[in-house]
Structures are given as C-alpha cells and as structure tokens.
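Residue numbers (the numbering used here): 481 to 715.
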Ligand code: ADP
Ligand code: UDP
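Quick look at the structure:
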C-alpha cells in the first residue's frame, strides 16, 4: 500500500491517505516532544522502534479480541491502519503513581494504586488538554453514552492485558494513554502504544525506560526504548 497525500502532521506522527478511502498510513517520526510541544528532541531510529513496539502490542491485543485500527506493517516506520473518526479524548490509565498524578495529589511516585485509575482528558493543545469526566464528554457531544461505556471497557481491558504482558517480561506498566475512534459508530483503539505514550519501568531496578528519560533529561533515551523492544520481541 502506497502513501498518497499527507492528511495530518502531528508532533510524533504523520498520517497519509492511501488508495483506499478506508485505510491510512501512520508514519512514526523520530521527533520527541514534551510540555505540550514546548520541549523538542529526537533520536535516530525512534520512529522505527515505536512502530515496532506499537505493532507488537496491537497484534497482541487483537489476539485478545480488542478491536484496534492496526492492519499491517508497510515498512520500518509506517503501518497501515483503519481510518477512524477520532474522539477528541485522551484516555489515561494508571497502575502506579507518576507524572501529573504526583503533582496533583498527595501521593508519592512509585506508590502502587489499589485499583487502576481511569482518567479522561480533552484533546486540545490550546487548552493544554484539560482533565474531563464522562459527563463533560456527553455534554460536549464528544461521543455517545454507549461509546463512552465501550471506551472505558476496552481501555480497562487493554491496561489489564498489557500490565500482565509487561510483568511477564520484568517490566512495570506504570501508566498509559490511549486514543479511540469509530467507524460508523463502532469503537476501535487507534493511535500508538509506545514508550512515548506509556511509562515503563524495569521491575527490579525501577529504572525508567520511557519518554520520562527525555522529559526529565535522564539521558540514554534510545537505550530505554531499545530495551523495551528487546524484551517484548520474539516471545
Ligand atoms: P498529535 O496530534 O497529538 O500531535 P500525533 O503526532 O500522534 O499526535 O498525530 C497523530 C494523529 O492522528 C492524532 O491526532 C491521532 O488522534 C490521529 N489518529 C490516530 N490514529 C488514527 C486513525 N486510525 N484514523 C484517523 N486518525 C488517527
Ligand atoms: N501521555 C501522552 N500524551 C499526553 C499526555 C500524557 O501520551 O499528551 C501519557 C504519558 O506518557 C503517561 C500518561 O499518559 O504515560 C500519563 O501522563 P501524565 O498525566 O502523568 O502527564 P505528563 O506528566 O506525561 O505530562
């Protein structure tokens, strides 16, 4: 499948049209951003690593009856996906306190949460992605009540599946961000699942292997991403 017109360029990916109106090519860039785009960086090969990690995780989830947009790999940095009508919502699941949670609440980084926390954010860079709840989503007509129920159900299932998937590879899934869309009303998991969009720590040492290495200037960002890919490959 060939890339046609560039449909959208975001901070970490480019979305291209294809010959098929129902398919897009999702290209993973080497760029890294944090602080809503204010902090910029990149490393060679990041796009390929994130594409490979996302592919492994989407395939794993599909194997467990999670509907995802993934169709096939096009090349090292590109995958063919179903074209979705995206909900302008970021869904965050947290298993261990980190990031904005430790700033917002009286909880220490690394504290294991009693149950997974489910959060919604409005995807709006100009507003800095404010936190919302389900009633905002319905009031703003972002999705139907049934779609919001489906999103919550799939998101919690994805978190549970991936948490144990990583645990078996001696990795802790601290938190992750998911994006959903629909085709004729039917909900699918879209976007990416990569070290850019989840926090992953080594289970023994608690060393951070994800984008926090960039956010917090910890160095060796590429090493962290490569380690995650290595541990989830060929198993
Ligand atoms: P951002 O827009 O936050 O800078 P990206 O660089 O990741 O993010 O851009 C990818 C864009 O493509 C996002 O807006 C995302 O919601 C959207 N997207 C992801 N998967 C699909 C899909 N299957 N169909 C249509 N749009 C998608
Ligand atoms: N996240 C993301 N995109 C965003 C905001 C958050 O992928 O625009 C991910 C982030 O990588 C982490 C989780 O969502 O895995 C929770 O992020 P948090 O709310 O702690 O915000 P942050 O500290 O990353 O700004």
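Beta carbons: idealized from backbone N, C-alpha and C, even for Gly. The structure displayed is predicted, hence computed values, not measured ones.
Taking C-alpha positions only, residue 680 is separated from residue 619 by approximately 34 Å. The beta carbon of residue 638 sits closer than 7 Å to the beta carbons of 541, 546, 658, 669 from its chain, once the five residues preceding and following it are set aside; these are given in chain order. In this structure, residue 490 lies away from residue 508, with their beta-carbon atoms at least 8 Å apart. Taking 3 residues as the shortest admissible run, the region 500-539 contains the following complete beta strand (DSSP E) segments, listed from N- to C-terminal end: 503-508, 511-514, 519-522.
By the C-beta criterion, the region 523-537 is judged not to be in contact with the region 593-608, since fewer than 3 inter-stretch pairs fall below 8 Å. Residue 570 counts as buried, since no fewer than 16 other beta carbons sit within 10 angstroms of its beta carbon. With a 10 Å radius around the Cβ and a threshold of 16 neighbouring Cβ atoms, residue 556 comes out exposed. If you check the C-beta of residue 491 against ligand 1, you find a heavy atom less than 7 Å away. The straight-line gap separating the alpha-carbon atoms of residue 629 and residue 687 is approximately 35 Å. With a 10 Å radius around the Cβ and a threshold of 16 neighbouring Cβ atoms, residue 592 comes out exposed. Between residue 704 and residue 690, the C-beta gap is smaller than 8 Å, which places the two residues in contact. Between the alpha carbons of residue 586 and residue 656 lies a gap of roughly 20 Å. With 5 Å as the limit between CB and the heavy atoms of ligand 2, the residues that fall short of it are 572, 579, 580, 655, 657, 677, 678, 679. In the three-state DSSP reduction, residue 668 falls in the strand class (E or B). Rounded to the nearest angstrom, the gap between the Cα atoms of residue 510 and residue 713 is 20 Å.
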